[in-house]
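0 is the number of the first residue of the sequence shown in numbering that gives the first Met the number 0; add one for each residue after it. For glycine and all other residues, C-beta sits at the position ideal for the given N, C-alpha and C. Below is one structure, written out as structure tokens; the observations come after it.
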Amino acid sequence: MHSLFTYILKKTFSFLFVAFLFMLLLTSCQQKPAITGFDEKTWKEDVRGCQNKRMALVSALEKAKPQLIGLRHTTIIDVLGNPEGNSLEKSGQRIYYYFIESGPQCQDKHNIKNADKIFVQFDALDRAKYITIGK
């Protein structure tokens, strides 16, 4: 009886382990979402928003928020490019920001206070949690 229990326990553990690995594989490889009306190339070429081309793309990003929430930071970078700034909160949350219009950051990349930005806040599990626009 003991060996039957051990056999069943080993098989159950093996099944759960394989299922876990399969789920890990599925969740680690995310597809980049197709965003209607959003031109990634134009967005990425408009470094720090200094050419004022990003503002025309913001509404497409606003509409695509449900598609972007939950994506890992690497997928967000695939869509928006490398962030133009970031911060790491004490809670382990990361925040990326991207400038959306020409401003003082165009003359001095460290002068970021009065420029409109899109903020992408990630949770401790590295998933986009909030996407907001502000200064």
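- For residue 84, DSSP records a beta bridge to 96.
- Residue 62: member of the alpha helix (DSSP H) spanning 57 to 62, first to last residue.
- Annotation for residue 78: the continuous alpha helix (DSSP H) segment containing it runs 72 to 79.
- By the Cβ-count criterion, residue 36 is exposed, with fewer than 16 other Cβ atoms from all chains shown falling within 10 Å of its own Cβ.
- Taken through DSSP and simplified to helix, strand or coil, residue 47 comes out as helix.
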